[in-house]
Amino acid sequence: MINRQLSRLLLCSILGSTTLISGCALVRKDSAPHQQLKPEQIKLADDIHLASSGWPQAQWWKQLNDPQLDALIQRTLSGSHTLAEAELREEKAQSQADLLDAGSQLQVAALGMLNRQRVSANGFLSPYAMDAPALGMDGPYYTEATVGLFAGLDLDLWGVHRSAVAAAIGAHNAALAETAAVELSLT
């Protein structure tokens with residue numbers, strides 16, 4: 809019994825001293841944090857120079873005024889599965905952006921339902937199974953009508969929904985650029 813108490817005491821003292829020693833971590837002095845840039849210090853628009861000349865126009869072949877070339881390119885564009893896929897991705901991205909944007913508006917829903925059930929004369933609703941026009945009961949049927957109206961507005965206090973809409977618009981713009989690139993590569 810004494811050995812058991814001593815072993816518990818020894819175990820507790822070892823665990824306690826290990827915990828205390830592990831808490832004595834060496835903390836060195838870190839350097840100062842980096843200065844954060846202010847928004848007015850960032851001038852990406854001035855730093856990025858995109859070439860405006862040398863790129864072909866979207867419908868460059870129209871400048872040549874050649875009806876045969878127009879027909880050939882129109883045939884190429886209309887029969888391209890790659891362009892059709894890019895246009896479908898563009899439509900999907902537009903639909904997702906519209907769906908997310910609709911979630912920030914007032915949501916209104918109306919509900920109307922009519923339920924008519926045949927009632928057994930031996931069941932729980934047996935009083936409704938009899939035909940008593942004076943009491944408003946018209947035979948072995950039970951009719952229930954429900955009408956409802958719902959309105960809701962999601963307040964985007966933390967900007968989560970606004971960020972999701974901005975991301976969906978960005979995805980739509982990327983899909984537009986992809987469609988234009990596919991069309992330009994085919995022509």
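Residue numbers (the numbering used here): 809 to 995. C-beta atoms are modelled at their ideal positions from N, C-alpha and C, and glycine is treated no differently. Here the structure is a predicted model, which means the values were calculated and not measured.
- Taking a C-beta distance under 9 Å as the contact criterion, ALA910 and PHE958 do not qualify as a contact pair.
- Inclusion of LEU872 and VAL990 in the CB contact set at 9 Å is not warranted, their separation being larger than that value.
- Distance from the CA atom of GLU893 to the CA atom of GLN865, rounded to whole angstroms, is 22 Å.
- Exposure of HIS842 is indicated by the presence of fewer than 16 other C-beta atoms within 10 angstroms of its C-beta.
- For the 9 Å CB-CB criterion, ALA979 and ALA879 do not form a contact.
- Contact check for GLN925 against TYR950 passes: the beta carbons are separated by less than 9 Å.
- Distance from ALA976 to GLU898 at the Cβ level is roughly 13 Å; contact not present, criterion being Cβ atoms closer than 8 Å.
- With a 10 Å radius around the Cβ and a threshold of 16 neighbouring Cβ atoms, THR826 comes out exposed.
- In the DSSP assignment, THR890 falls within the unbroken alpha helix (DSSP H) covering 889 to 910.
- DSSP, read as helix, strand or coil, puts ASN811 in helix.
- Each residue's CA atom was taken as its position, placing ALA988 and LYS837 some 54 Å apart.
- Under the DSSP assignment, ALA976 falls in the alpha helix (DSSP H) whose first and last residues are 968 to 994.
- Counting along the chain, GLN871 sits inside no alpha helix (DSSP H), nor does DSSP assign it H or E at all.
- Between LEU919 and GLY956 the beta-carbon gap is near 4 Å, inside 8 Å, which marks them as a contact.
- Assigned with DSSP and collapsed to three states, GLN882 falls in helix.
- With 16 or more other CB atoms across the displayed protein chains lying within 10 angstroms of its CB, ALA905 is buried.
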